[in-house]
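For the record, in the sequence shown the residue sitting at position 66 is 772 according to my numbering, with numbers rising by one throughout.
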Amino acid sequence: MRALINTVIIVLVMFTRLFAQDNDLQLAKQYAASGESQKALDIYQKLYKQDNEGFYSYYVNTLLSLKKFDEAESVVKKLVRKHPNENQYQITLGTVYTQQGNLSKADAIYDNLIKNLPADRNEIAMLAGQFYQSANLDYAIKIFQQGRKTLNNNEAFTYELINLYRFKRDKVNLTEEYLNFLPANPNFISQAENAFSTIYEGEPDYNMLKSNLLRRIQKDPQQTIYAELLSWQFMQQKEFDLALNQALALSRRQNDDGTNIFELCRTLNSNEAYDAAIRGYEYIISKGKTSPMYIPAKIELINTKNLKVTSGKYLPADLTGLEQDYNDLVTEFGRNNSTVFAMQKLANLQAFKLHKLNDAQKLLEDAISIPNIRPELLASCKLDLGDIYLINKQPWEATLLYSQVEKDFPNTDINQDAKFRNAKLAYYTGDFTWAKGQLNVLKAATSQLIANDALNLQLLINDNTVADSVGNALKIYARADLLIFAEQPDKAVMTLDSIDKKFPNNTLSDDILMSKSRILIQQKNYAGAVPLLKKIVDEHPNDLWADDAVFMLGDIYENRLDDKASAKIWYEKIVKDYPGSLWINEARKRFRLLRGDKADS
């Protein structure tokens, strides 16, 4: 019984002591955090005397923060003598010497540890980890490098070194490490690309990678991973033809089905490198109809030609040639649920570029009657057919289709898109009251784009039906808007110009300027749109389109006129002058990137 009581007393004493130590430790940490280092040191010194090994790091670090180097050195040396085989104390002593400015003494300790490195992988990793915890990355790297020599294994510690090089932003060694690693581990190529894109800062870094890759390809031409990475490098520098050439050479060497080329062409399209993408798709098609990528490549080739034509200035012959390509495709593969999307694109080309409204309407009517179409594609075709009905002066047919889609896809973005098209139809046809009711609901749409557009259209209607409750001037403006949508710019401009003549005191000045700007942008005449947008900002700084005009100017200067300095000025104007703008977040992000901030800042 006495033994049990003694045991209980000992446990209680130990528990009380631990509890008191924990309270003291928390108090010392609070003092340190509030800048009262001497008070913290007093407590740490008391705790250190109670438990040398448990509290030495707190004690020594506080001594160093107070620049009491001699005391810190004395404390650590005692621990080194007490535990001669514990590397952590020697590393701490090196840290003391480093902060004291005695680098030679610190290096002597560290170099001795490297010199006596054991041929044990776990002990090497543990020692490197101790250097890492002491924020000494350079010696952590040296430990791993020497560890490779000691173990006679150049592939050891690859992951650890990659992480250290990334942390140090050591581009040269990170590149070298990955290029040594990838041939035996090709599945890590995406990880390497992500690491390079994160750490590389410009052309010199990518050129360094290119030189390294070319040297390795010359030495080992059969190693395909280097060729694949070189193609990626060309893409980063927007050398699209070279990227494709490299990928084509690799595809021919491997005699594959062209899947990688197909994916690369998608990326080329997203970068508007249409000519290179067309060349890639033509290569896949040249493999013949038995290739599994033949049909997708054939379809995407025409889509890419469509993008090339419609994204730039084009001649009527370009449009008719593209129309023939689509017709040939549908003829070759038939009208079925696999070619509906091609029929849809052809109909849009005919309706909005060639203005063959009846042909486009008939084609989409046939398309939506084909069985087994994916529901989302069917909805998209119905919405496009509704648009064609609208510009072909059949608004009742258009609203029936919009309403069908709206009913079939409740609580989805498709539903909101259909509802917005119905609201715009009412606006185009002068039924402003019904349009406002729909737009009021859509202001809370989950699609930010639709919510923004709905708000702008509602404000347009509200602003221009105050003095004129019937909205006579607005009705003409809405007809012009419909002509812009139908890509009939000449008629649209004539209609816009007629507004001031018929209603000289209208309130649509900034709206007319914005519409004319959009016509010029639709025609790729960006330089012509700039003065009109600037006029909105100068003469209507507090009206509906002011912040839109400012953002559009920034976008045009950045992406169309290649004037980054001017773009930065306009984006900054959004941030400074229009803090409530819907464009504020995007403008701030673009401004920071143009200023040179890191993407994650």
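The C-beta atom is built at its ideal place from N, Cα and C for all residues, glycine as well.
Please return the same chain residues whose Cβ sits closer than 8 Å to the Cβ of G986, not counting the five positions on each side in sequence. L950, A953, L954, I967, F968, L970, C971 and L974
If you check the beta carbons only, do Q939 and L915 fall under 9 Å apart? yes
Would you mind working out which of R959, K1149 and L1021 sits nearest L1060, comparing C-alpha positions? L1021
Just to confirm before moving on: does the CB-CB distance between A1293 and G1260 stay below 9 Å? yes
Count the other CB atoms, across all protein chains shown, that sit within 10 Å of the CB of Y980; report buried if there are 16 or more and exposed otherwise. buried
Suppose only complete runs of 3+ residues qualify. What are the beta strand (DSSP E) ranges in the stretch 1046-1115, listed by chain order? none
Outcome for W1289 when other beta-carbon atoms lying within 10 angstroms are tallied against a minimum of 16: buried
Is R787 buried or exposed, if buried means 16 or more other CB atoms sit within 10 Å of its CB? exposed
Within the stretch 1184-1238, ranges of the alpha helix (DSSP H) (whole runs, at least 4 residues): 1195-1208 and 1215-1228
Quick check on the DSSP output: the alpha helix (DSSP H) that includes Y932 runs from which residue to which? T930 to Q942
Give the DSSP-derived three-state secondary structure of P790 in the structure shown. coil
With DSSP as the reference, label P998 as helix, strand or coil. coil
DSSP state of T973, grouped into three classes? helix
In its own chain, which residues sit with a C-beta less than 6 Å from the C-beta of S840, not counting the 5 before and 5 after it? I797 and T801
By Cβ distance, which residues of its chain are closer than 7 Å to I1079, with the 5 residues on each side in sequence left out? N1043 and V1046
Excluding the 5 residues flanking S937 on each side, which residues of the same chain have their C-beta closer than 6 Å to its C-beta? A949, Q952 and A953
Contact check, A1198 vs I1225, beta carbons under 9 Å: yes
Extent of the continuous alpha helix (DSSP H) run through N1117: Premise fails: N1117 is in no alpha helix (DSSP H) and is neither H nor E.
CA-CA distance, K1142 and A1151? 15 Å
Rounding to the nearest angstrom, what Cα-Cα distance links K811 and F837 in this structure? 16 Å
If I follow the unbroken alpha helix (DSSP H) through L1166, where does it start and stop? Q1154 to D1169
Under 9 Å between C-beta atoms, does A1235 make it to chain C? In summary, chain C is missing from the structure at hand, where a single protein chain is found.
Is L956 near T996, with beta carbons less than 9 Å apart? no
Same chain only: Cβ atoms within 7 Å of D1065, ignoring 5 sequence neighbours per side: Q1056
Quick check on DSSP: helix, strand or coil for S1287? coil
Counted within 10 angstroms of its Cβ, other Cβ atoms place M1258 as buried (16 or more) or exposed: buried
E883 and I868 look like a contact to me (Cβ under 8 Å); what is the Cβ gap, rounded to whole Å? 5 Å
Is the distance from the Cβ of T804 to the Cβ of P824 below 9 Å? no
Which residues in the same chain as I847 place their Cβ atom closer than 6 Å to its Cβ, once the five residues preceding and following it in sequence are excluded? L870
Applying the criterion that 16 or more other CB atoms from any shown protein chain within 10 Å of the CB defines a buried residue, is Q1050 buried or exposed? buried
Option nearest I1275 by Cα separation, candidates V1256, K874 and S1287: V1256
Mapping the DSSP letters down to three states, classify V802 as helix, strand or coil. helix
Buried or exposed: M941, going by 16 or more other Cβ atoms within 10 Å of its Cβ? buried
Can you have a look at K784 and say buried or exposed, based on whether 16 or more other CB atoms are within 10 angstroms of its CB? exposed
Which residues in the same chain as L919 place their Cβ atom closer than 7 Å to its Cβ, once the five residues preceding and following it in sequence are excluded? Y932, L935, L936 and Q939
Should T1105 go down as buried or exposed, given a rule of 16 or more other Cβ atoms within 10 Å for buried? buried
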